[in-house]
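Note that the numbering used here has the sequence shown beginning at 191, numbered continuously upward.
Cβ atoms here follow ideal geometry from the backbone N, Cα and C, with glycine treated the same way.
Computed from a prediction, not measured in an experiment: that's the story for all the values here.
Notes follow once the structure below has been shown.
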Amino acid sequence: MNPPVFHNAKERDQYREYWVREFVRRAEVYRKNNASKQLPTSGELVSTFTELFYLASAKSVDESTEAAMRRKLAYENRLRDFQKKYSVAARDIWNEAGDIQYGSPAQ
191 MNPPVFHNAK
201 ERDQYREYWV
211 REFVRRAEVY
221 RKNNASKQLP
231 TSGELVSTFT
241 ELFYLASAKS
251 VDESTEAAMR
261 RKLAYENRLR
271 DFQKKYSVAA
281 RDIWNEAGDI
291 QYGSPAQ
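Structure, rendered in structure tokens:
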């Protein structure tokens, strides 16, 4: 789920928008397939996965190693909090609902 490294801010922002849209799409598929599971609203998903995108991003040139390590820890904690709150790992949503039978990726 980690985003690739970008050296161009515009490309990173475009990819982030795609990544978040795709995650929300997959979460909606997962929600339909697992009606007993409570997931955040689409708006909450956008906020959560926008935050996760930045937390999961590779260390930037001007970022200290300590800051990158704190960000990585925050990412891991946020994923753990998500799983604890919703009883499903974000990666499981990504993987299960990514099957082509559920439609094309977000455009």
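Cβ neighbours of residue 258 within its own chain (closer than 6 angstroms, five residues either side excluded): 249. Rounded to the nearest whole angstrom, the CA to CA distance from residue 195 to residue 256 is 19 angstroms.
The straight-line gap separating the alpha-carbon atoms of residue 277 and residue 210 is approximately 20 angstroms.
In the same chain as residue 192, and ignoring 5 residues on each side of it, the C-beta atoms closer than 8 angstroms to its own belong to 246, 247 and 248, in chain order.
Less than 9 angstroms separates the beta-carbon of residue 213 from that of residue 280. Each residue's CA atom was taken as its position, placing residue 240 and residue 206 some 7 angstroms apart.
Separation of the CB atoms of residue 283 and residue 220 is rounded to 5 angstroms, and the pair is thereby assigned contact status at 8 angstroms. One alpha carbon belongs to residue 251, the other to residue 202, and they sit about 15 angstroms apart. Restricting attention to 286, 285, 244 and 253, the CA atom closest to the CA of residue 266 is found in 244.
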